[in-house]
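Student:
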Amino acid sequence: MSDVSFRWLHLSDLHFGMKGQAPLWANLKHHFYDDLPLLHRQSGPWDLLIFSGDIVQKGDAEEFKGATAALVELYGKLTDLDCSPKFMAVPGNHDLVRPSASDMSAMLLQDWSKKHNVRDDFLNNPTGPYRETIRSAFANYQAWYEALGAVGISVVDAAHGFLPGDQVVRFAKDDRQLGLIGLNSTWLQLSKENKAGDLHVDHQQLSVLLPDAEGWCRANDFNLLVTHQPAEWLTPGSLDTWKKEIAPPGRFDLHLFGHMHE
């Protein structure tokens, strides 16, 4: 086997469109761009640019337009470094449009851990009201992600699951393979009341993408998992499933996430 390196640039939590951010970003971005050549010398050239959520502040379509412009500007700087990484993102809790307080499906989803009938309908009825609530919440994010190719940003050629952001792709370089899996960890964060310990990542999010996730990962040389929230934000039951069915010891070499602002 050849001596091959996979290299990526990991960004998170831009929150584009946040109140008062514009003059701050106008200043900060120049310092960020000044750092890119040094980072590139240390860890480039990058094969992937991975964004682990909270691209915008409140899921607004106009915010996503601004985020696209910022990404195009960033890719221009990367091009100056002879670097053209593939782009991959998962959504964060600020990338969705929160349902109205009177949305009954959203209210029932908030009791996910207690309502077995809601869970069963959500997981097994793709045209039902619960799936529609989630699709609607992430519609602006999904439209943004699908339109990136039109502005020259090359998105990874991934297979997608039933939630926006769920995706899997095998990235080949010479005779080496990198497995890259993104999972939507934020789809139950439909209210500002949600906090650490309230969220859920279902094992079906992974099994729909990869019926044999363990075998698929074992066939790769390195495996990356990307979510917005860390696993500690899951309910106790979901965290147990995470550790047993989604990310058991040894399956993933690295878990990239954002959300913590640390």
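The sequence shown runs contiguously to residue 261 in numbering that gives the first Met the number 0.
Backbone N, C-alpha and C define an ideal beta-carbon position, used for all residues, glycine too.
Predicted model only: the values in this text are computed from it and were never measured.
(1) By a C-beta neighbour count over all protein chains shown, 10 Å radius and 16 as the cutoff for buried, is residue 4 buried or exposed?
(2) Terminal residues of the continuous beta strand (DSSP E) containing residue 6?
(3) Answer with buried or exposed for residue 235, where buried requires no fewer than 16 other C-beta atoms within 10 angstroms of its C-beta.
(4) Between the Cα of residue 181 and the Cα atoms of 49, 27, 16, 99, which residue gives the shortest distance?
(5) Rounded to whole angstroms, what's the CA-CA distance from residue 134 to residue 120? Just pull it up for me.
(6) For residue 122, which residues from the same chain have a beta carbon less than 7 angstroms from its beta carbon, with the 5 sequence-adjacent residues on both sides left out?
(7) Whole beta strand (DSSP E) runs in the stretch 123-209 with 3 or more residues, listed along the chain?
(8) Between residue 46 and residue 85, which are expected to be in contact by the criterion C-beta below 8 angstroms, what is the C-beta distance as a whole number of angstroms?
(9) So, for residue 143: in the same chain, excluding its five sequence neighbours on each side, which residues have a beta-carbon less than 6 angstroms away from its beta-carbon?
(10) Can you check which of these residues, 41, 254, 168, 91, is closest to residue 185 by C-alpha distance?
(11) To the nearest angstrom, how far is it from the Cα of residue 239 to the Cα of residue 53?
(12) Is the Cβ-Cβ distance between residue 15 and residue 69 less than 8 angstroms?
(13) In the stretch 14-90, which residue ranges form an unbroken beta strand (DSSP E) of at least 3 residues, counting only runs that do not cross its ends?
(14) Would you grab the beta carbon distance between residue 183 and residue 164 for me? Rounded to a whole angstrom, and I think it's under 8 angstroms.
(15) Alpha carbon to alpha carbon, how far is residue 78 from residue 156?
(16) Determine the extent of the beta strand (DSSP E) in which residue 255 is found, giving its start and end residues.
(17) Based on Cα-Cα distance, which residue from 162, 229, 217, 205 lies nearest to residue 177?
(18) Under a three-way DSSP split, which group does residue 222 fall into?
Tutor: By the coordinates alone:
(1) With fewer than 16 other Cβ atoms inside 10 Å of its own Cβ, residue 4 counts as exposed.
(2) Segment: none, residue 6 is in no beta strand (DSSP E) and carries neither H nor E.
(3) Looking at its Cβ environment, which holds fewer than 16 other Cβ atoms inside 10 Å, residue 235 is exposed.
(4) Comparing Cα-Cα distances from residue 181 to each of 49, 27, 16, 99, the minimum goes to 49.
(5) Cα to Cα, the separation comes out at about 15 angstroms.
(6) If we look at residue 122 and ignore the five residues flanking it on each side, its Cβ neighbours are 201, 203.
(7) Here the runs fully enclosed are 166-172, 175-181.
(8) Taking the Cβ atoms as the reference, residue 46 lies roughly 7 angstroms from residue 85, within the contact range of under 8 angstroms.
(9) Excluding sequence neighbours, residue 143 sits near 63.
(10) The option with the nearest alpha carbon to residue 185 is 91.
(11) Spanning the two alpha carbons is a distance of roughly 26 angstroms.
(12) Yes, these two residues count as a Cβ contact at 8 angstroms.
(13) With a minimum length of 3 residues, the continuous beta strand (DSSP E) runs that stay inside the stretch 14-90 are 47-50, 85-88.
(14) For a cut-off of 8 angstroms, the C-beta gap from residue 183 to residue 164 is around 4 angstroms, short enough to register as a contact.
(15) Straight across, the Cα-Cα distance linking residue 78 with residue 156 is about 20 angstroms.
(16) Following the DSSP letters along the chain, one finds residue 255 inside the beta strand (DSSP E) bounded by residues 253-255.
(17) Residue 217 is the option with its Cα nearest to residue 177.
(18) The answer is strand: DSSP assigns residue 222 an E or B state.
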